[in-house]
Structures are given as structure tokens and as C-alpha cells.
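In the numbering used here, the protein residues as written are 354 to 814. We treat Cβ as the ideally placed atom computed from N, Cα and C, and that holds for glycine. Keep in mind that this is a model prediction, so the values were computed, not measured. Below is one structure, written out as C-alpha cells; comments come after it.
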Ligand SMILES: [Zn+2]
């Protein structure tokens, strides 16, 4: 009888906990766990040390490259050493593009010959071996390109659109300018251009080209080569064109698109103790461009989501729901990894209740943007007293992420948002190296993601 009363009491107590959601008792408990997570992240710097290895011993990881496979093997082994319940590789075919050895632009202006700092854009084809010798037309919008279509014929179109530094949120500046890199080559080809040179999309005034993908040419449009140019040389070229509109450039690129090759997503999970079928994804893309070391994009963020697994294991936190780390391959030039993962969970009718993506660099945490019903977002906002320990100030509606965006029926797709003032200084360029990562900033990010994953695992959505 006594025991029956006790169980009835217990049932009603746990029931009320569930419905009240986030009363003072669990707030205190969650705060303690968050403190433990943050202390361990900042003291042990496990993720920072792994990021060093990934950047310095392996380096950049363009989809389909040997280096990307080396990195995948390393991630698999590293995750196995963390001792979660499962680690596996999910096979997926990915496009293979190579830069080749030659990328050179020589400006011929009367008697002056000057080499400009350029780099082929992802998916670009090669020029003929002797290069493309052509005049140059500078344009600053697609409207201007259409207006001056007759002048563009046979020329190199130079998109010199400047990054708007007045945007406080640099991602808005990127969003504003990126169309010239992505769609510029197709639009220029439609106007009869021979090639494209695009001003790098960056917040840093130096001469380092920032690369990235271009859109695949439709069959109806002739493919033409495309390169990015460093900002100092973009200014020089613009000034030279004003002085001598008849100058020419010899552009040589040896980039090539090869046959698709086999690659992998890396997946690791800790099974939930109470609701193992409800899965919380922490994801990041593991490929990078072939410039620099892919440190902020997206090496360190990939290591952050790997570190979430390690944090749960090393602190012996047993989540009620399953925590699954997914390193997606091929976000930069195809999204094949994300599509394969989405297809896989669809085929098994898995319930991925939430997914958190880290793909905005490994800087100081600021907030989380969430694609979800407003009731879900309100619920998450109640967790800010716990999240703010890792410097998360806000949870608000917004974009989740490119990779997790493929997951259907999740209750919440969540983007981790760190400070972005320095991200486009390094993005897709030789500037994106390990030395640009600050251990404390990165580790607070790992902690923020781990705390949010933990809260979802305990409270559901
Ligand atoms: Zn990225």
C-alpha cells in the first residue's frame, strides 16, 4: 500500500514536471550541467586541439579530394575514440573539381605588364592552354551588363561589385554580393563574354582571392572560365580601365571538372535513455574549399559538433533522447551529403526532432536562429537563462542551415550564430587558417551547442 501511494505520488510529480516545463528545480539542475559543460570545454580545449590537427596535419578538404578522404578517416577514428554507441560512414557520390596548377592573369596596359592575383572559382572550366587574350569590361550590376551587352561580346567581364560594409550583419553583405560570383558567369556568357573575373566577396582589404562556387551552366549556355580577384588588384584593374579602356588581360586557368567519386558522411550517436527514437542532430559540413585550411569554414565548426559527443561522454551525461553528430560532405559544391542523409532518414521514417547546424565560423557565440512553429521558439526562449552561460543572448526565428535544411518534418532546424565581424575576412580563402581560431571563442561555441542539444534531449520540443 505504501509503495502504491509512493508510486502514485511519483507519477503525478513527474507528470507535473513534464507539463510545467522548466520550473526552478530543473532550471537549477540544467544550470549546473551547463556550468560543467562550459568549465570542461574551456579547461580541456579538446575541440581546439582537434581543430589544430585537422587544419595543420590534414588541411583543406575539397569534396572528392584525397585530403577529404584522409579527413573523413581521421574523423571516424576520432569519434570512435570518444566511445559513443555508434560511428559509421554513409557512402555518397560527390562531384570532383580540381583547380589545377595554372591560374594567372596578366594585365597588358600599353607597355605595362602586371600579374593580377586571381583564383579559379569552383566548377570553372579551364581556358585554352595559351590563355584567353581579351579586352575587359567592368560592370557593377546585371542591369548594366544587359545595357552594355554589345561591348561585352568576346571580352572578359569584370564584376567589380563592392561588399557593402554598412551592413552590421556581414552575412547580409555576403547575401547582397554573392549573386555576382554565383550567377555572374552564366549572365556574362549570355552576353557573349569570353570569361569572367569577379571581385572577391570579403570584408578584408587585402589581395587574397576569395573563391566559392558558381552555378552549373544550363545546356543552353556556353560554359566560360571564371576567376576571383583580390581587392587590391580589383581596385588596380578598375583604375587602369578608367585610364585605358583598351587594355587587355591574358587569363590562364587549368581547372577541370572530373568524374564523380565516392565519399562519405561521418555519423556518430549516443542513444537516448528514454526516447531513443527521437533524434537530435548536431551537424556541420566537413568539406571545404581548397584555399587555406578550411579552419572557420567549416573545420572548427565540424570539430564543435564532434566535441558535443565527447562532452556528453567525458562528463557522463546520459541524454534522454538520441544525440547524433553528422559531418556532411559536399556542402560547398553540391550538397550531396545532406541530400543523401535526408534520403536515408526518409527511407527509415526516422524521427529527427531537431537539428542544429554550425556553419558560420567558430567565433564568440551570440544566438540561435530557428525555423520552427512559434510555440517551439517560445519554449526554447525560456531556456535562455541556461544558454546565456555560454554567451547565447537570443533565440529567434531565422535560417537553420543549408545541410540540415534538407531534413523534412523536424520540429526545429536551428542555426548556431556566432559573432560574424571577422568571418568574411577569411571565408573561402588562404586567410582561413587555424591561427585565426581563438580557443576560448571556439570552445564556448562547442559548449553552447552541447547545452542546447542537452536541453532538447531532456525537455523535448
Ligand atoms: Zn560553410
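Query raised in the report: Among 524, 438, 424, 578, which residue has its Cα nearest to the Cα of residue 656?
Result: The residue labelled residue 656 in the question sits at position 303 within the chain shown. Cα-wise, what sits closest to residue 656 is 424.
Query raised in the report: Where do the ends of the beta strand (DSSP E) carrying residue 509 lie?
Result: Position 156 of the chain shown holds residue 509. Element bounds for residue 509: 509-512.
Query raised in the report: If you pair each beta-carbon of the region 790-802 with each one of the region 387-394, do three or more pairs fall below 8 angstroms?
Result: yes
Query - Backbone CA spacing between residue 664 and residue 621 [nearest angstrom] - result: Here residue 664 refers to the residue found at position 311 of the chain shown. Here residue 621 refers to the residue found at position 268 of the chain shown. In a straight line, the C-alpha of residue 664 is about 13 angstroms away from that of residue 621.
Query raised in the report: Which residues in the same chain as residue 794 place their Cβ atom closer than 6 angstroms to its Cβ, once the five residues preceding and following it in sequence are excluded?
Result: As a first step, residue 794 is located in the chain shown; it is residue number 441 there, counting from the start. Only 716, 717 meet the Cβ criterion.
Query raised in the report: Are the beta-carbon atoms of residue 587 and residue 511 separated by less than 9 angstroms?
Result: Along the chain shown, read from residue 1 onward, the residue named residue 587 stands at position 234. Along the chain shown, read from residue 1 onward, the residue named residue 511 stands at position 158. In this structure, residue 511 lies closer than 9 angstroms to residue 587 by Cβ.
Requested in this report: Please confirm whether any heavy atom of ligand 1 lies closer than 8 angstroms to the CB of residue 536.
Outcome: Start at 1 with the first residue of the chain shown, and residue 536 comes out as number 183. Answer for residue 536: no, Cβ out of range of ligand 1.
Query - 8 angstroms contact criterion, which residue 551 and residue 528 should meet: CB distance rounded - result: Working through the chain shown from its first residue, we reach residue 551 at position 198. Working through the chain shown from its first residue, we reach residue 528 at position 175. Not confirmed; about 16 angstroms, so no contact.
Query raised in the report: Is residue 651 near ligand 1, judged by its Cβ being under 8 angstroms from some heavy atom?
Result: The residue labelled residue 651 in the question sits at position 298 within the chain shown. Yes, the Cβ of residue 651 comes within 8 angstroms of a heavy atom of ligand 1.
Query raised in the report: Is it the case that the CB of residue 785 approaches a heavy atom of ligand 1 more closely than 8 angstroms?
Result: Numbered from its first residue, the chain shown carries residue 785 at position 432. It does not: the Cβ of residue 785 is nowhere closer than 8 angstroms to a heavy atom of ligand 1.
Requested in this report: Within 10 angstroms of the Cβ of residue 759, are there 16 or more other Cβ atoms? Answer buried if so, exposed if not.
Outcome: By one-based count along the chain shown, residue 759 stands at place 406. Residue 759 comes out buried.
Query raised in the report: Taking the Cβ atom as the reference point for each residue, do residue 829 and residue 674 lie within a distance shorter than 9 angstroms?
Result: Absent from the model: residue 829. The displayed extent of the chain is 354 to 814, so no value can be given.
Query raised in the report: ligand 1 heavy atoms versus the CB of residue 638: any closer than 8 angstroms?
Result: Residue 638 sits at position 285 when you count from the first residue of the chain shown. True, at least one ligand heavy atom lies under 8 angstroms from that Cβ.
Requested in this report: Spatial neighbours of residue 768 within its chain, please: CB distance less than 6 angstroms, with the 5 preceding and 5 following residues excluded, ordered by chain position.
Outcome: Taking the chain shown and counting its residues from 1, one reaches residue 768 at position 415. 710, 722, 752, 753, 754.
Report task. With a cut-off of 8 angstroms on the beta carbons, I'd call residue 695 and residue 761 a contact; round off their distance for me. Result -> In the chain shown, the residue the question calls residue 695 occupies position 342. In the chain shown, the residue the question calls residue 761 occupies position 408. Right, their Cβ atoms sit about 7 angstroms apart.
Report task. Classify residue 584 as helix, strand or coil using the three-state DSSP reduction. Result -> The sequence position of residue 584 within the chain shown is 231, counting from 1. The answer is helix: DSSP assigns residue 584 an H, G or I state.
Report task. Grab me the residues of residue 786's own chain with a C-beta within less than 6 angstroms of its C-beta, minus the 5 sequence neighbours each way, in chain order. Result -> Along the chain shown, one-based indexing puts residue 786 at 433. Within the same chain, residue 786 has close Cβ partners 645, 646, 648.
Report task. Provide the residue span of the alpha helix (DSSP H) that contains residue 837, from first to last. Result -> Beyond the ends of the chain as shown, which are 354 and 814, falls residue 837; an answer cannot be given.
Report task. Name, in chain order, the residues that DSSP records as bridge partners for residue 446. Result -> Position 93 of the chain shown, counting from 1, holds the residue named residue 446. Its beta-bridge partners are 615.
Query raised in the report: Would you say the beta carbon of residue 712 comes nearer than 8 angstroms to a heavy atom of ligand 1?
Result: Position 359 of the chain shown, counted from the first residue, corresponds to residue 712. Checking the Cβ of residue 712 against ligand 1 gives yes.
Query raised in the report: Does the region 680-696 come within contact of the region 735-744, defined as at least 3 CB pairs closer than 8 angstroms?
Result: no
Query raised in the report: Should residue 433 be labelled buried (16 or more other beta-carbon atoms within 10 Å of its own) or exposed?
Result: As a working mapping, residue 433 is identified with position 80 in the chain shown. Residue 433 comes out exposed.
**Report entry** Backbone secondary structure at residue 630 - three-state DSSP
**Finding:** Position 277 of the chain shown, counted from the first residue, corresponds to residue 630. In this structure, residue 630 counts as strand in the three-state DSSP scheme.
Query raised in the report: Is residue 561 near residue 454, with beta carbons less than 9 angstroms apart?
Result: As a first step, residue 561 must be located in the chain shown, where it is residue number 208. As a first step, residue 454 must be located in the chain shown, where it is residue number 101. No; because the gap between Cβ atoms is not below 9 angstroms, this pair is not in contact.
Report task. Answer yes or no: do residue 643 and residue 477 have a C-beta to C-beta separation smaller than 9 angstroms? Result -> Taking the chain shown and counting its residues from 1, the one referred to as residue 643 is at position 290. Taking the chain shown and counting its residues from 1, the one referred to as residue 477 is at position 124. The answer is no: Cβ separation not under 9 angstroms.
Requested in this report: Inspect the beta-carbon positions of residue 458 and residue 603 and report whether they are closer than 9 angstroms.
Outcome: Within the chain shown, residue 458 is the residue found at index 105, counting from 1. Within the chain shown, residue 603 is the residue found at index 250, counting from 1. Yes. Within cutoff.
Query raised in the report: Mapping DSSP to helix, strand and coil, what is residue 677?
Result: Working through the chain shown from its first residue, we reach residue 677 at position 324. Three-state result, residue 677: strand.
Query raised in the report: Less than 8 angstroms between the CB of residue 646 and some heavy atom of ligand 1, yes or no?
Result: Taking the chain shown and counting its residues from 1, one reaches residue 646 at position 293. Incorrect: residue 646 has no Cβ contact closer than 8 angstroms to ligand 1.
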